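One structure below.
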Amino acid sequence: MSGKVTKIFIVALLIVAVCGVITYKHVRSADSSSNNTQTAVNVSQQQTAEPQSSKALPRLVDLGADKCIPCKMTAPILEELKKEYAGRLEVDFIDVWKDPDQAKRYGIKLIPTQIFFDASGKELFRHEGFISKEDILGKWKELGVELTKAE
0 MSGKVTKIFI VALLIVAVCG VITYKHVRSA DSSSNNTQTA VNVSQQQTAE PQSSKALPRL
60 VDLGADKCIP CKMTAPILEE LKKEYAGRLE VDFIDVWKDP DQAKRYGIKL IPTQIFFDAS
120 GKELFRHEGF ISKEDILGKW KELGVELTKA E
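Number 40 in numbering that gives the first Met the number 0 belongs to position 41 of the sequence shown; there are no gaps in the numbering.
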């Protein structure tokens, strides 16, 4: 049984590595085709450019692609979090293959990448690769953000 688990782990790692290489190449090609010099945008500027709810909430941003396998595995987890923690947590997905400027904006090197922001917009933690719902909720708790499910 342990050999099977090892093989599954290796396959998952290879998938994540391939997605990372593809993202890197995609971002580099977008960089070379762009004549504009972009400056870094701090998180507070990012948030003013994006729609906000009336109440500042902690925010999870998942940067990936619709066709990336680990990203596809993460998608239903993000949807669950959106529903279960509506009004208590913002959950956003950004497809960096469709919008490569976002990869540069957030400094993405590998997809999927999840970025945890506090309610003021400060980045608290960054994770690369697939992440489970339990690990997401555990990380929020570790970061001192107590989330309760929406009623």
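Don't be surprised by glycine CBs; every beta carbon is placed ideally from N, CA and C.
Predicted model, so just to flag it, every value in this text is computed and none were measured.
Label residue i either buried or exposed according to how many other C-beta atoms from any shown protein chain fall within 10 Å of its C-beta, with 16 as the threshold for buried.
{"i": "residue 75", "result": "exposed"}
{"i": "residue 152", "result": "Residue 152 lies beyond the residue range present for the chain, which begins at 0 and ends at 150; the question has no answer from this structure."}
{"i": "residue 147", "result": "exposed"}
{"i": "residue 156", "result": "Nothing about residue 156 can be read from this structure; the chain reaches only from 0 to 150."}
{"i": "residue 64", "result": "buried"}
{"i": "residue 142", "result": "exposed"}
{"i": "residue 102", "result": "buried"}
Could you tell me the boundaries of the beta strand (DSSP E) in which residue i lies?
{"i": "residue 112", "result": "112–116"}
{"i": "residue 78", "result": "Where residue 78 is concerned, there is no enclosing beta strand (DSSP E), although the alpha helix (DSSP H) it sits in stretches over 68–83."}
{"i": "residue 89", "result": "89–94"}
{"i": "residue 60", "result": "58–63"}
Helix, strand or coil for residue i? Go by DSSP, reduced to three states.
{"i": "residue 2", "result": "helix"}
{"i": "residue 104", "result": "helix"}
{"i": "residue 150", "result": "coil"}
{"i": "residue 122", "result": "strand"}
Which two residues bound the contiguous alpha helix (DSSP H) that contains residue i?
{"i": "residue 135", "result": "132–141"}
Using 8 Å as the threshold, is the segment 89–106 in touch with the segment 65–81, meaning 3 or more CB pairs across them?
yes
Can you confirm whether the segment 96–112 touches the segment 124–133 when touching is taken to mean that 3 or more C-beta pairs between the two stretches lie within less than 8 Å?
yes
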